[in-house]
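Novice: The sequence shown lines up with residues 274 to 727 when you count with this note's numbering. Beta carbons: idealized from backbone N, C-alpha and C, even for Gly. One structure, as structure tokens, below. Some questions next.
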Amino acid sequence: MNKFLLFRPFQFLLDLITLSFSFEMGLILVNSSFSNHYQQHLFLFFLLSLCWFLVVGLLRPYQHTRLKFHVFTLIYRHLIAVLLFSAFGIFIWMLLQDFHLPRLQLFYTFLLFWFLGCVWRTAAVVLLKIYRANGNNTLNYVIVGYNETSQRIKRFYDQHPEFGYKFYGYYDELNTQNKPSIRGDYSVLNQILASNQIDTVYCCIPRVGHPLLKDIVEKSNTASYKVKLVVDFAFFFSQAPSLEFHGITPVISLSSEFLDHSREYISKRLFDVIFSSTILLLGSPIFILLGLITKITSRGPIIFSQDRTGQWGKKFKIYKFRSMHVGARLGHSEGTLDKRITPWGRFLRKTRLDELPQFYNVLRGDMSVVGPRPLADYDVKTLMDESPDDFKLILSVKPGITSIGQVKFGYAGSPTEIKQRLRYDLLYLNKVSFFFDMWLIMKTMVIMIKKQGK
Numbered sequence: 274m275n276k277f278l279l280f281r282p283f284q285f286l287l288d289l290i291t292l293s294f295s296f297e298m299g300l301i302l303v304n305s306s307f308s309n310h311y312q313q314h315l316f317l318f319f320l321l322s323l324c325w326f327l328v329v330g331l332l333r334p335y336q337h338t339r340l341k342f343h344v345f346t347l348i349y350r351h352l353i354a355v356l357l358f359s360a361f362g363i364f365i366w367m368l369l370q371d372f373h374l375p376r377l378q379l380f381y382t383f384l385l386f387w388f389l390g391c392v393w394r395t396a397a398v399v400l401l402k403i404y405r406a407n408g409n410n411t412l413n414y415v416i417v418g419y420n421e422t423s424q425r426i427k428r429f430y431d432q433h434p435e436f437g438y439k440f441y442g443y444y445d446e447l448n449t450q451n452k453p454s455i456r457g458d459y460s461v462l463n464q465i466l467a468s469n470q471i472d473t474v475y476c477c478i479p480r481v482g483h484p485l486l487k488d489i490v491e492k493s494n495t496a497s498y499k500v501k502l503v504v505d506f507a508f509f510f511s512q513a514p515s516l517e518f519h520g521i522t523p524v525i526s527l528s529s530e531f532l533d534h535s536r537e538y539i540s541k542r543l544f545d546v547i548f549s550s551t552i553l554l555l556g557s558p559i560f561i562l563l564g565l566i567t568k569i570t571s572r573g574p575i576i577f578s579q580d581r582t583g584q585w586g587k588k589f590k591i592y593k594f595r596s597m598h599v600g601a602r603l604g605h606s607e608g609t610l611d612k613r614i615t616p617w618g619r620f621l622r623k624t625r626l627d628e629l630p631q632f633y634n635v636l637r638g639d640m641s642v643v644g645p646r647p648l649a650d651y652d653v654k655t656l657m658d659e660s661p662d663d664f665k666l667i668l669s670v671k672p673g674i675t676s677i678g679q680v681k682f683g684y685a686g687s688p689t690e691i692k693q694r695l696r697y698d699l700l701y702l703n704k705v706s707f708f709f710d711m712w713l714i715m716k717t718m719v720i721m722i723k724k725q726g727k
């Protein structure tokens with residue numbers, strides 16, 4: 274039995290209690306009560322309860338997976354449900370106009386119902402994740418097939434104990450290399466699955482062959498576990514595989530370009546053009562002032578340019594206000610204490626003002642406002658030697674002026690720091706959205722104002 278199913282009736286019951294309380298508060302706020310038109314109010318509440326039951330049946334707002342059980346997801350789904358519920362409620366109120374029921378009562382009811390629903394959902398997510406992180410309400414899982422992909426699955430759950438998954442071992446054909454790491458071969462796996470202790474089986478393709486996969490799936494029909502396939506897409510420059518059906522044949526589509534020819538790509542590019550044009554136009558006096566100070570405080574050109582690696586490995590020249598002495602050896606930065614950096618350059622870097630000319634790169638299409646940081650040649654060499662798969666993934670999206678790595682980490686001064694910043698930037702590939710971009714832009718502005726740039 275799915276342990277999460279027990280939470281769904283509780284959610285529905287709590288929403289009904291919340292609706293009842295919101296309805297009563299709506300009456301109080303409009304200076305009315307059940308004593309006036311008691312039967313009419315009771316009849317309206319009964320109809321509203323039926324409407325909510327209908328909305329729940331249509332939208333199924335209580336069906337959540339553990340991995341998608343997030344506050345913002347629940348609040349968004351609750352908002353959609355309340356909007357549809359409000360439409361039904363307004364229609365009912367129009368039919369019952371002869372009852373002379375105050376329309377403000379409905380407004381307060383819907384508003385309070387959404388607000389209180391958001392409150393208890395937020396509290397439920399926080400409390401449930403704390404409960405699971407402490408080892409309660411867990412699901413047991415095994416991984417069939419031992420390779421780098423299967424290890425990433427385990428690392429993911431190790432880093433997120435709040436999802437409540439407990440690891441029961443790797444299972445694969447025994448050999449001298451994997452013997453210390455795996456719990457047993459496929460015969461041991463069959464014994465574990467037969468014990469009904471396992472909730473989820475992750476099968477790593479291509480380590481799991483077709484006969485074994487078929488056997489695991491067939492046994493799942495009578496056992497209590499789910500089967501999930503894990504396919505290693507790291508070889509491909511793609512973060513957006515999608516499943517298509519050609520008749521009854523499933524086909525996995527691997528995009529050759531990240532977000533290209535999609536609504537998200539078009540809206541992101543439109544935002545980049547509007548935002549960068551506005552900065553370049555309105556900020557031109559600041560650009561001139563920064564350029565003059567750069568010229569006066571140290572010998573050399575105002576603008577520094579350097580080859581960087583962009584999307585799909587395409588080279589382009591990045592532009593910045595010069596923050597180093599002329600003739601300084603290029604290489605890994607040592608932060609704002611680097612002796613190659615001028616005193617004025619330290620201020621530029623702390624406030625990130627040296628990055629402003631890159632809005633020209635954004636306007637040209639070389640970069641985006643938000644995205645992983647563009648890599649210099651020495652960074653590329655480091656990542657190709659030590660993290661080639663992650664490097665391939667980072668090339669699937671257009672580089673940006675600011676990024677998660679730039680906000681959380683800052684300038685990288687060593688190969689180790691380059692890899693650490695890359696880990697942050699890789700997170701962006703799964704978070705591309707307008708609202709997340711705006712959050713990163715605001716975080717960057719806070720860093721600029723507080724001069725916290727690293």
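Counting only C-beta atoms, is tyrosine 592 closer than 8 angstroms to chain D at any point?
Specialist: Any reference to chain D falls outside this structure, which holds one protein chain only.
Novice: Check for me: the beta strand (DSSP E) holding lysine 593 runs from which residue to which?
Specialist: Residue numbering aside, residue 593 sits at position 320 when the sequence shown is read from its first letter. Where lysine 593 is concerned, the enclosing beta strand (DSSP E) stretches over 588-594.
Novice: Between which two residues does the alpha helix (DSSP H) carrying serine 493 extend?
Specialist: Position 220 of the sequence shown, counted from the first residue, corresponds to residue 493. 483-493 is the span of the alpha helix (DSSP H), which, as asked, contains serine 493.
Novice: Tell me aspartate 710's beta-bridge partners as DSSP assigns them.
Specialist: The residue labelled residue 710 in the question sits at position 437 within the sequence shown. None, per the DSSP bridge assignment.
Novice: I'd like the list of long-range same chain contacts for serine 540, defined as Cβ closer than 7 angstroms, with 5 residues on each side in sequence excluded.
Specialist: Position 267 of the sequence shown, counting from 1, holds the residue named residue 540. Excluding sequence neighbours, serine 540 sits near Phe707.
Novice: Which residues mark the beginning and the end of the beta strand (DSSP E) in which tyrosine 443 is found?
Specialist: To locate residue 443, count along the sequence shown from 1; it is residue 170. Here the beta strand (DSSP E) through tyrosine 443 covers 438-444.
Novice: For serine 295, count the other beta carbons within 10 Å of its own beta carbon; 16 or more makes it buried, fewer makes it exposed. Which is it?
Specialist: In the sequence shown, residue 295 corresponds to position 22, counting from 1. By the 10 Å Cβ count, serine 295 comes out buried.
Novice: Just how far apart, CA to CA, sit histidine 314 and glycine 299?
Specialist: Here residue 314 refers to the residue found at position 41 when the sequence shown is read from its first residue. Here residue 299 refers to the residue found at position 26 when the sequence shown is read from its first residue. For histidine 314 and glycine 299, the distance between alpha carbons rounds to 11 angstroms.
Novice: Please tell me whether arginine 595 and proline 647 are closer than 8 angstroms, where the distance is taken between their beta carbons.
Specialist: For the purposes of this step, residue 595 is taken as the residue at position 322 of the sequence shown. For the purposes of this step, residue 647 is taken as the residue at position 374 of the sequence shown. Against a cut-off of 8 angstroms, the Cβ pair of proline 647 and arginine 595 comes out as no contact.
Novice: Given a cut-off of 8 angstroms, decide if valine 329 and phenylalanine 364 are closer than it, judged by their beta-carbon atoms.
Specialist: Taking the first residue of the sequence shown as 1, we reach residue 364 at position 91. Taking the first residue of the sequence shown as 1, we reach residue 329 at position 56. No; because the gap between Cβ atoms is not below 8 angstroms, this pair is not in contact.
Novice: State the Cα-Cα distance for the pair valine 344 and serine 578, rounded to the nearest angstrom.
Specialist: The count along the sequence shown starts at 1 and reaches residue 344 at position 71. The count along the sequence shown starts at 1 and reaches residue 578 at position 305. Roughly 43 angstroms separates the two Cα atoms.
Novice: Helix, strand or coil: which one does DSSP assign to methionine 715?
Specialist: For the purposes of this step, residue 715 is taken as residue 442 along the sequence shown, with counting starting at 1. Methionine 715: helix per DSSP, three-state reduction.
Novice: Within a Cβ cutoff of 7 angstroms, which residues of the same chain sit near glutamine 432, ignoring the five residues on either side of it in sequence?
Specialist: Here residue 432 is taken as the residue at index 159 of the sequence shown, counted from 1. Excluding sequence neighbours, glutamine 432 sits near nothing in its chain.
Novice: Give the DSSP-derived three-state secondary structure of leucine 384 in the structure shown.
Specialist: Locating residue 384 in the sequence shown gives position 111, counting from the first residue. Three-state result, leucine 384: helix.
Novice: Is serine 423 near cysteine 477, with beta carbons less than 8 angstroms apart?
Specialist: Start at 1 with the first residue of the sequence shown, and residue 423 comes out as number 150. Start at 1 with the first residue of the sequence shown, and residue 477 comes out as number 204. Yes.
Novice: Closest by CA to valine 355, which one among Phe632, Met367 and Leu321?
Specialist: Start at 1 with the first residue of the sequence shown, and residue 355 comes out as number 82. Checking every option, the nearest Cα to that of valine 355 belongs to Leu321.
Novice: Use the C-beta contact count for arginine 694: other C-beta atoms within 10 angstroms, 16 or more gives buried, fewer gives exposed.
Specialist: Position 421 of the sequence shown, counting from 1, holds the residue named residue 694. Answer is buried; the Cβ neighbour count reaches 16.
Novice: Could you check whether leucine 668 and glycine 586 sit closer than 8 angstroms to each other, using their CB atoms as the reference points?
Specialist: Counting from 1 along the sequence shown, the entry for residue 586 is found at position 313. Counting from 1 along the sequence shown, the entry for residue 668 is found at position 395. In contact: glycine 586 and leucine 668 (Cβ atoms closer than 8 angstroms).
Novice: Measure the beta-carbon distance from asparagine 413 to isoleucine 471 and round it to whole angstroms, keeping in mind my assumption that it falls under 8 angstroms.
Specialist: Counted from its first residue, the sequence shown places residue 413 at position 140. Counted from its first residue, the sequence shown places residue 471 at position 198. Going by Cβ atoms, the distance from asparagine 413 to isoleucine 471 rounds to 5 angstroms, so yes, they are a contact pair.
Novice: Which of helix, strand or coil does DSSP assign to threonine 609?
Specialist: Taking the sequence shown and counting its residues from 1, the one referred to as residue 609 is at position 336. Low per-residue confidence applies at threonine 609: pLDDT is 48, beneath 50, and the placement is therefore not dependable, though the value from the model is reported in the following sentence. Looking at threonine 609 - three-state DSSP - the assignment turns out to be helix.
Novice: Within this structure, are the beta carbons of tryptophan 387 and histidine 351 separated by less than 8 angstroms?
Specialist: As a position in the sequence shown, residue 387 is number 114, starting the count at 1. As a position in the sequence shown, residue 351 is number 78, starting the count at 1. Cβ distance < 8 angstroms, so tryptophan 387 and histidine 351 count as in contact.
Novice: Is lysine 654 near the ligand ADP, going by C-beta to nearest heavy atom under 7 angstroms?
Specialist: In the structure shown, the ligand ADP is absent, as is every other ligand, since no ligand is present at all.
Novice: From what residue to what residue does the beta strand (DSSP E) around proline 634 run?
Specialist: Residue numbering aside, residue 634 sits at position 361 when the sequence shown is read from its first letter. The sequence shown places asparagine at residue 634, rather than the proline named in the question. That residue, asparagine 634, is in no beta strand (DSSP E); its alpha helix (DSSP H) goes 631-637.
Novice: Are the beta-carbon atoms belonging to isoleucine 353 and cysteine 391 less than 8 angstroms from one another?
Specialist: Translated into the one-based positions of the sequence shown, residue 353 becomes position 80. Translated into the one-based positions of the sequence shown, residue 391 becomes position 118. Contact: no.
Novice: What's the call for glutamate 628, buried or exposed, on a 16-neighbour Cβ count within 10 Å?
Specialist: The count along the sequence shown starts at 1 and reaches residue 628 at position 355. Buried.
Novice: Taking the alpha carbon of lysine 681 as the point to measure from, which residue in Tyr701, Lys665 and Thr395 has its own alpha carbon closest?
Specialist: By one-based count along the sequence shown, residue 681 stands at place 408. Nearest option by C-alpha distance: Tyr701.
Novice: In the DSSP assignment, the alpha helix (DSSP H) including lysine 623 goes from what residue to what residue?
Specialist: Here residue 623 corresponds to residue number 350 of the sequence shown, with the count starting at 1. Counting along the chain, the alpha helix (DSSP H) containing lysine 623 begins and ends at 616-624.
Novice: Which residues in the same chain have their Cβ closer than 6 angstroms to the Cβ of isoleucine 674, if we skip the five residues on either side of it in sequence?
Specialist: Counting from 1 along the sequence shown, the entry for residue 674 is found at position 401. Answer for isoleucine 674: Glu628, Gln631 and Val642, listed in chain order.
Novice: With distance defined between alpha-carbon atoms, name the residue in Phe316, Phe440, Trp617 and Arg622 nearest to leucine 368.
Specialist: Sequence index remark: in the sequence shown, residue 368 carries index 95 (1-based). Cα-wise, what sits closest to leucine 368 is Phe316.
Novice: With DSSP as the reference, identify every bridge partner of arginine 694, one or two as the case may be.
Specialist: By 1-based counting over the sequence shown, the position of residue 694 is 421. According to DSSP, arginine 694 bridges with nothing at all.
Novice: Is DSSP giving leucine 447 helix, strand or coil here?
Specialist: In the sequence shown, counting from the first residue as 1, residue 447 sits at position 174. Residue state, collapsed to three classes: coil.
Novice: In terms of residue numbering, what span does the beta strand (DSSP E) encompassing phenylalanine 364 cover?
Specialist: Indexing the sequence shown from 1 puts residue 364 at position 91. From DSSP, phenylalanine 364 is part of no beta strand (DSSP E) but of the alpha helix (DSSP H) over 344-368.
Novice: Roughly how many angstroms lie between the CA atoms of histidine 337 and lysine 487, to the nearest whole one?
Specialist: To locate residue 337, count along the sequence shown from 1; it is residue 64. To locate residue 487, count along the sequence shown from 1; it is residue 214. Rounded to the nearest angstrom, the two C-alpha atoms are 28 angstroms apart.
Novice: On a Cα-Cα basis, can you pick out the residue from Ile416, Arg376, Ser359 and Thr495 that is closest to leucine 323?
Specialist: Within the sequence shown, the letter at position 50 stands for residue 323. Closest option to leucine 323, Cα to Cα, is Ser359.
Novice: Could you pull the start and end residues of the beta strand (DSSP E) that arginine 581 belongs to?
Specialist: The residue given as residue 581 occupies position 308 in the sequence shown. Run containing arginine 581: 576-582, per the beta strand (DSSP E) assignment.
Novice: Just how far apart, CA to CA, sit valine 474 and lysine 499?
Specialist: Counting from 1 along the sequence shown, the entry for residue 474 is found at position 201. Counting from 1 along the sequence shown, the entry for residue 499 is found at position 226. If you take the alpha carbons of valine 474 and lysine 499, they lie about 6 angstroms apart.
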